[in-house]
Each structure stands twice: as C-alpha cells, then as structure tokens.
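Undergrad:
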Amino acid sequence: MELYPKYRNPLIVKPSRPLPSKIAVVGAGGIGPDIGYFFKNSLPDVELVFVDIVEEALKAAGSRLEGYVQKALSLGKMTAEKAEKVRSKITYTTDYSKIEGSDLVIEAVTEDLEIKRKVFRQVEELVDEEAILGSNTSAIPAARIFSEVKKPSRATNVHFFAPAWRNPGLEITVWEKVDREIIDYLHWLFCYLGKAPILVNDAIGYVLSRVFDNWCNDAALLLEEKVATAQEIDKVAEEFVVAGPFYVLNLAKGNPIIIKANSLQMEEGEHYRPAKIFYSVETWKTPMPGSRVEVPSEAASTIRDRLLGVCFSQCCEAVDRGIALIDDVNLGCIVALAFRKGPFDIMRDLGEAEFKRIMERYSRERPGMPQPQHDFAYYQNFYRHILVDDLDGVKLITIRRPHVLNALNDEVNSEILDVLKRFEGEEGVEGFIITGYGPNAFCAGADIGRFPQLLGNAEAAANYAREFSRLFFHIDGMSKPVVAAVNGMALGGGLELAIRCHKIIATKNAWFQFPEVTLGILPGVGGMVVPYRRWARERKEVSEVFHEMVRFARRLTAEEAYKLGMVSKLVEDYPELVKEAVATVRELKGRVERIPEGPVEIAELKPVETPMAGSLPLSREVDQVVCRAIREAAAAPTLAEALEISFKAFGEVVCLDAAREGIKAFMEKRKPAFKK
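Numbers 0 to 675, taken from numbering that gives the first Met the number 0, label the letters of the sequence shown in order.
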C-alpha cells in the first residue's frame with residue numbers, strides 16, 4: 000500500500016480530531032508503564048487508565064511512574080506544577096470497564112496473538128465507535144491481530160521502542176482495512192507529541208524489529224560458532240551503535256522477544272530460526288558500553304562483517320519489498336535503535352566494493368538470508384535529512400533530524416540547495432518554504448562535529464564558513480521567494496538560515512538566539528551582518544537588540560522579533576504556519592527583495608568589563624573580536640565584503656583559547672570557564 004499518498008510532513012494539515020482526553024494502556028508490565036508515562040509527560044492533563052490482570056504489575060507500574068517523576072524533578076526537567084498534573088488522573092485497575100470513554104487504547108501485553116485478540120474483543124465492547132485501537136506488538140502483522148474485531152478500520156499497530164517514554168522511535172502500520180484518516184491522525188499525534196513516527200506496511204517485524212532482532216540473532220550465532228565472547232561482540236558493535244546487542248538484550252530482558260519474533264519470521268524461511276543459546280541464557284556477560292575490551296583482529300573482522308551483513312540484509316529487504324521508504328529506514332535505525340549513523344550512511348562510507356565484499360561473505364555464511372536486489376547506487380539515491388512536499392506549486396522543505404533538533408550540517412545544506420536548484424527553474428513552482436520537523440524546533444544551529452578540527456586554523460575555519468554559506472549565497476540571488484516557517488527554536492546557524500530567507504513567518508512559541516559566544520566562538524555565516532542590513536537600516540535602535548543577541552546570546556521571543564520587523568506574521572500553530580507561508584510565497588511573486596547593499600549606521604558597541612550571557616561569564620577576547628567585526632561589517636560598502644569580514648572573524652576566533660574551552664565544555668556537557 001502507498002505509505003504517504005499526500006504529504007511526508009505529518010503536521011502540515013490540521014488533524015481530523017482533537018487531542019485525546021482519555022487514554023487506556025492494557026498491560027502494566029514490560030513497556031506499558033513507559034508508554035503511559037510518555038502520554039502523561041506529553042499531555043499532563045490527559046486521563047490515563049492502566050489495566051492489567053495482575054495487581055502486582057499495577058503496583059509496580061505506579062512505582063515506576065513515580066520514579067520517573069521524582070527523577071525529572073531532581074534534574075530540574077519538570078516543574079512541581081507539571082509533576083502534580085502528571086501524577087493526577089491516573090487509574091490502575093484490573094477492571095476493564097474503567098476504559099470506557101477512552102479515545103485511544105494501546106495494548107501492550109505479551110507477544111501472544113490469541114491474548115492480543117482476546118484483549119481487543121473485550122476492549123471493543125467497552126469503547127465507542129470512534130475510539131482508536133492500537134497494538135504495541137513488535138512483530139505480529141496488524142491483519143492477524145485485528146482479524147476478529149468488528150471495526151478494523153479504526154485499528155492498527157503502533158510500535159514503541161524502549162524506553163518508550165523518551166525514545167522517539169515509533170512505527171505505525173498501514174494495512175488494508177485501516178482508514179487513512181486513522182493513519183494520518185496517529186502520524187500527526189505522535190509527531191506533535193515529540194516522536195519521530197514512520198509509516199510501515201504490514202509485514203512480520205515491519206522494519207526496525209527485523210533489523211534489531213536479526214542483529215541480535217546473528218550476534219548470538221557468532222557466540223554459538225565460538226567466534227568471540229558476548230563482550231567482544233558488543234565492543235565491535237559499538238562502532239555502529241551506542242550499545243551492543245547483548246547489553247541491550249540485558250536491559251530489555253529481550254531474549255524471549257527474539258525467540259518469539261524470529262520464530263514468527265521463520266514463516267519466511269528456516270534461516271530466521273532463533274539461535275539455540277537464547278533458550279539457555281538469561282543474562283549475558285557484557286560490560287557497560289565504552290568499557291575497554293581487547294578483541295583479536297581476526298575475530299573483530301568476522302564480527303564486523305557479520306553484523307554489517309545482517310544489517311544491510313534486513314534494511315535493503317525492507318526497501319526492496321516496499322515495507323518502508325529508504326529515508327525512514329535510515330532515520331528509524333538512528334532514532335529508535337541508537338545507530339550512530341543510518342545503515343545506508345554506513346554503506347556509503349564503506350563504498351561499493353566493500354559493500355559487495357561484505358554481502359558476498361554474508362551470503363556464504365548465512366545462506367537464505369535476503370540479499371540486496373538492486374545495485375549500490377540505488378540505495379544511495381535519496382534525501383537523508385529533509386522531506387519535500389508539494390503544496391500546489393510551493394515546495395515545502397522540512398529539515399528532519401529530530402534526534403539533534405534539526406541541526407544543520409554540510410549534508411543538510413547540500414540537500415536543501417539541491418531542491419532549490421532542481422525546482423527554481425520549473426514554471427509551475429512558485430517558490431519554497433523551509434521549516435523544521437516537529438512542533439518545537441526549526442533548527443537548533445549547526446552541528447559542531449567539525450569544529451574541533453578547525454581550532455587553531457584561521458584559514459581552514461574561514462574557508463569552512465564560506466563553504467557552509469553556499470546555500471545562503473544561493474538564496475541571496477534567487478528570484479523565486481524562499482520563506483522560513485519557524486516552528487520553534489531557531490538557534491545559531493538555524494537562525495542564520497532563517498534570516499537569509501526572504502520572509503520569516505513564525506509560531507507564537509518560536510524563539511531566536513545566537514548562542515555561539517557561550518561556546519567561545521561567534522555567528523560567522525551572517526549573524527553579525529544580515530540582521531543589521533535588513534532590519535536596523537531605518538531604525539538605529541534596533542541594532543542595540545542585535546548587539547545583545549550576538550554579544551550576550553540574548554534570546555528573542557517571536558513577539559519581540561515581530562515588533563522588530565524580523566518576523567512578518569505570527570500564527571498559532573503548525574498548519575496555520577504552513578498556510579501563511581504558502582500565502583507569503585505567492586505574495587512575493589516577482590517582488591523578492593535583496594539584502595540591502597551599502598553601509599548601515601548602528602548603535603555604539605559599548606565595551607564591558609565582564610561580558611555575560613545570563614549568569615555565564617563570557618570571554619572578553621571573543622567579545623572584542625565580535626565588536627570589531629560588527630563595526631567593520633556595518634561599514635562595508637557591499638554585502639559580500641561584510642560577509643567576508645564575518646568569515647575572517649570566525650577564523651580569528653577559533654584560534655583563541657576561549658574557543659578551545661567552549662567547544663571542549665560543550666562536548667563534555669559542562670559549563671565553560673573562560674579565562675580571558
């Protein structure tokens with residue numbers, strides 16, 4: 000079935016029904032309490048009912064939720080007011096009748112088809128016809144689970160991943176009897192609540208369970224073959240994932256899950272038979288991720304090839320069979336399974352020859368397991384980080400990197416630039432919108448992954464800033480409009496992207512900030528130049544606000560940005576944001592304004608003894624470089640010359656001790672201590 004017949008971005012259209020006011024979770028052991036806490040944390044006012052046949056499981060669920068609340072309070076991640084709401088309106092019961100009136104019921108019982116069918120027979124008698132039914136099964140197809148329900152059109156699988164309260168991964172099954180309205184609503188709901196849901200067709204194990212379960216099964220087969228120990232296998236696996244298969248199995252008590260899932264997958268072939276060792280081992284001997292483990296080179300090579308082989312086997316098969324789209328498979332492995340890179344990114348890094356070698360070896364060692372049905376290039380031809388939707392001649396580009404709050408990197412910029420170049424010459428395309436995935440982040444800045452390599456090298460840093468600006472330069476010269484639809488935070492490089500767009504539309508919860516000085520650096524790709532030229536030219540006092548943003552990381556609310564003229568329109572929600580952005584694109588047809596040339600008069604940049612960002616002391620040296628660059632850029636006769644001053648200032652600042660301290664502190668997740 001077609002997974003996305005209309006739009007890839009689930010938040011574009013207003014939902015067909017309101018947020019649920021009452022949710023029931025059937026199954027209070029295992030993942031059930033985590034699912035419940037996810038809903039209460041996301042929707043504190045929702046009424047939540049846990050149903051289980053075992054009183055002890057219900058008591059344990061209550062204790063688990065309270066533990067989560069206490070931890071959030073102790074870490075300052077939850078206010079006392081929110082904690083009170085999260086704790087309220089929760090029922091723990093063995094009485095199924097308490098689920099009456101639920102808008103959404105999630106079944107999270109054991110992976111037993113008959114038990115699941117029995118649950119839904121009971122549930123269907125108690126809830127009204129509009130209630131949505133969802134199963135958290137990790138492997139059983141929806142067509143089997145809901146084969147006996149009276150109204151299958153309102154039922155499908157919604158597969159959470161542990162820990163469900165904070166893991167953004169989620170699979171929603173598209174199957175023959177479910178209404179499209181239900182799929183679209185669930186897709187919207189979970190994205191709105193902070194998940195990164197992907198749509199999958201109905202198949203055993205869907206996508207991500209196929210990858211994880213067989214990753215673990217092949218790891219166990221390596222144990223049986225005496226290739227290596229569990230801790231050695233986990234250590235090699237950590238090149239590709241945050242935690243190895245055996246450590247994760249211990250965490251999730253996952254051995255029985257692999258047995259059931261792979262036994263079910265044996266319908267597709269004997270090669271999926273679960274490793275025998277799963278039946279005899281309860282806990283694997285393996286240390287914490289990151290522990291020092293010496294692995295003999297020959298064993299490491301065998302482990303690496305086998306794990307990559309099974310990963311590519313399952314990911315390529317999911318794409319080849321149309322179970323999921325390739326970009327969803329790639330992202331899903333990152334957000335749900337904690338892969339450091341998507342499988343198809345790993346494949347690209349290896350190159351075609353190495354990919355072929357690994358798959359040929361895997362075919363010999365694991366006969367029967369799926370092999371890729373297309374050539375190497377086929378699995379590389381997709382956008383990894385953006386979604387592209389067509390809104391009646393307006394191209395909506397959504398930055399989809401939810402695991403890093405839609406941060407920019409070179410690839411993201413290149414993908415956006417590719418879309419602009421592909422479509423700007425088409426007569427039927429009126430313009431473009433750039434937005435962020437989810438309700439809370441337009442773009443959280445630029446990845447700092449390359450920054451450590453630039454420290455101490457002014458020329459390399461300045462060149463990097465120029466290269467990073469290729470997208471921005473292109474937008475500067477476009478005749479068709481590009482509108483930024485800011486749906487939450489726009490920080491650093493993300494704000495620099497927004498201000499290069501021809502107009503900015505924002506939701507009322509949006510906010511803007513240049514936090515670079517807190518890292519000991521500066522906004523080097525337009526932040527010290529463009530705001531002054533666009534919005535302070537006629538109002539000198541506006542430049543004082545930009546001074547505070549660039550020098551002291553002042554946060555600007557959407558309302559403040561609107562009053563300054565940065566934001567053209569303020570809206571309430573995401574669908575209205577997109578609607579207004581489309582209208583703005585059409586208003587700008589033939590009327591795109593360039594960033595003004597010529598010097599701009601700005602307010603005085605007054606020296607301060609100790610520059611501060613809130614309570615954080617900043618570097619005086621960095622502030623001096625920032626002030627000089629702002630002055631010189633404002634005085635520059637052309638935009639190009641002003642930007643060049645900015646690039647060179649970025650190169651200068653990365654050679655200061657403050658940049659080393661700021662980047663190091665960020666990587667170590669601590670506050671920087673700037674000395675000068």
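Note that the Cβ used here is the ideal one computed from N, Cα and C, for glycine as well.
Just so we're clear, the structure is a prediction, and the values are computed from it rather than from any experiment.
With distance defined between alpha-carbon atoms, name the residue in E410, V393, L407 nearest to E425.
TA: V393
Undergrad: Short check: CB of D212 to CB of I144, under 7 Å?
TA: no
Undergrad: In the DSSP assignment, find the unbroken alpha helix (DSSP H) run with C314 in it and report its ends.
TA: 296-319
Undergrad: Which residue marks the beginning of the beta strand (DSSP E) containing G168, and which one marks its end?
TA: That run of the beta strand (DSSP E) goes 168-173.
Undergrad: Could you name each continuous beta strand (DSSP E) segment of 3 residues or more that falls completely within the stretch 406-462, going from the start of the chain to the end?
TA: 430-435, 440-442
Undergrad: Is DSSP giving T517 helix, strand or coil here?
TA: Here DSSP, grouped into helix, strand and coil, assigns T517 to helix.
Undergrad: Start and end of the alpha helix (DSSP H) containing V570?
TA: Where V570 is concerned, there is no enclosing alpha helix (DSSP H), although the beta strand (DSSP E) it sits in stretches over 568-570.
Undergrad: Leaving out five residues before and five after D233 in sequence, what residues of the same chain have Cβ atoms less than 6 Å from its Cβ?
TA: G243, F245, Y246, T285
Undergrad: Can you tell me which of A440, D417, G448, N380 puts its alpha carbon nearest to the alpha carbon of R399?
TA: A440
Undergrad: Within 10 Å of its beta-carbon, does N380 have 16 or more other beta-carbons around it, so buried, or fewer, so exposed?
TA: So N380 counts as exposed.
Undergrad: I'd like the list of long-range same chain contacts for A602, defined as Cβ closer than 7 Å, with 5 residues on each side in sequence excluded.
TA: K539, E540, S542, E543, H546
Undergrad: Should S262 go down as buried or exposed, given a rule of 16 or more other Cβ atoms within 10 Å for buried?
TA: exposed
Undergrad: How is the alpha helix (DSSP H) around H546 delimited, first residue to last?
TA: Taken as a continuous stretch (DSSP letters only), the alpha helix (DSSP H) holding H546 covers 541-551.
Undergrad: Quick one: what does DSSP say D389 is sitting in, helix, strand or coil?
TA: strand
Undergrad: State yes or no: is the C-beta of D94 within less than 7 Å of the C-beta of A130?
TA: no
Undergrad: So, at 7 Å on beta carbons, what are the nonlocal neighbours of E660 in its own chain, with the 5 sequence-adjacent residues on each side left out?
TA: Same-chain partners within the cutoff: G519, P671, A672, F673.
Undergrad: Measuring only the C-alpha atoms, how far is E650 from I276?
TA: Correcting the residue type first, residue 650 is Gly in the shown sequence and not Glu. Roughly 56 Å separates the two Cα atoms.
Undergrad: Counting pairs of beta carbons, one from the stretch 136-156 and one from the stretch 300-315, are three or more of them closer than 8 Å?
TA: no
Undergrad: How is the beta strand (DSSP E) around A261 delimited, first residue to last?
TA: Correcting the residue identity first, residue 261 is Asn in this sequence and not Ala. Careful: N261 lies outside any beta strand (DSSP E), inside the alpha helix (DSSP H) at 254-264.
Undergrad: Using a threshold of 7 Å, state whether the C-beta atoms of L386 and T397 are closer than that.
TA: Closer than 7 Å, so yes.
Undergrad: Which same chain residues end up closer than 8 Å to V591 when comparing Cβ atoms and leaving out the 5 residues on each side of it in sequence?
TA: M477, S478, K479, P480, H501
Undergrad: Taking H186 as part of the beta strand (DSSP E), name the residues at either end of that continuous run.
TA: Where H186 is concerned, there is no enclosing beta strand (DSSP E), although the alpha helix (DSSP H) it sits in stretches over 179-191.
Undergrad: State the DSSP-derived secondary structure class of K394, mapped to helix, strand or coil.
TA: strand
Undergrad: Tell me, please, which residues DSSP counts as bridged to A596.
TA: The displayed chain sequence assigns Glu, not Ala, to residue 596. According to DSSP, which records beta bridges pairwise, E596 is partnered with nothing at all.
Undergrad: Where V334 and G455 are concerned, what is the direct C-alpha to C-alpha distance, given to the nearest angstrom?
TA: 34 Å
Undergrad: Please list, in chain order, all residues of the same chain as P371 whose beta carbon is under 6 Å from its beta carbon, the five residues on each side excluded.
TA: C315
Undergrad: Would you call the stretch 518-536 and the stretch 593-600 in contact, with 3 or more CB pairs under 8 Å?
TA: yes
Undergrad: Our contact map puts P610 next to L604 with C-beta atoms below 8 Å; I'd like the distance itself, whole angstroms only.
TA: About 11 Å; that fails the 8 Å criterion.
Undergrad: Short of 8 Å in beta carbon distance, which residues of its chain neighbour P4, apart from the five on each side in sequence? Order them along the chain.
TA: R179
Undergrad: Along the chain, where does the beta strand (DSSP E) that runs through Q676 open and close?
TA: As shown, the chain starts at 0 and ends at 675. That puts residue 676 outside it, with no answer to give.
Undergrad: Assuming A492 is part of the alpha helix (DSSP H), what are its boundary residues?
TA: Note that residue 492 corresponds to Gly in the displayed sequence, not to Ala. Run containing G492: 491-499, per the alpha helix (DSSP H) assignment.
Undergrad: Looking only at C-alpha atoms, which of V157, I629, V328 sits nearest to R209?
TA: Minimum Cα distance to R209 is reached at V328.
Undergrad: Where does the unbroken alpha helix (DSSP H) through T583 begin, and where does it stop?
TA: 573-586
Undergrad: Is the beta carbon of A505 less than 7 Å from the beta carbon of G444?
TA: Contact: no.
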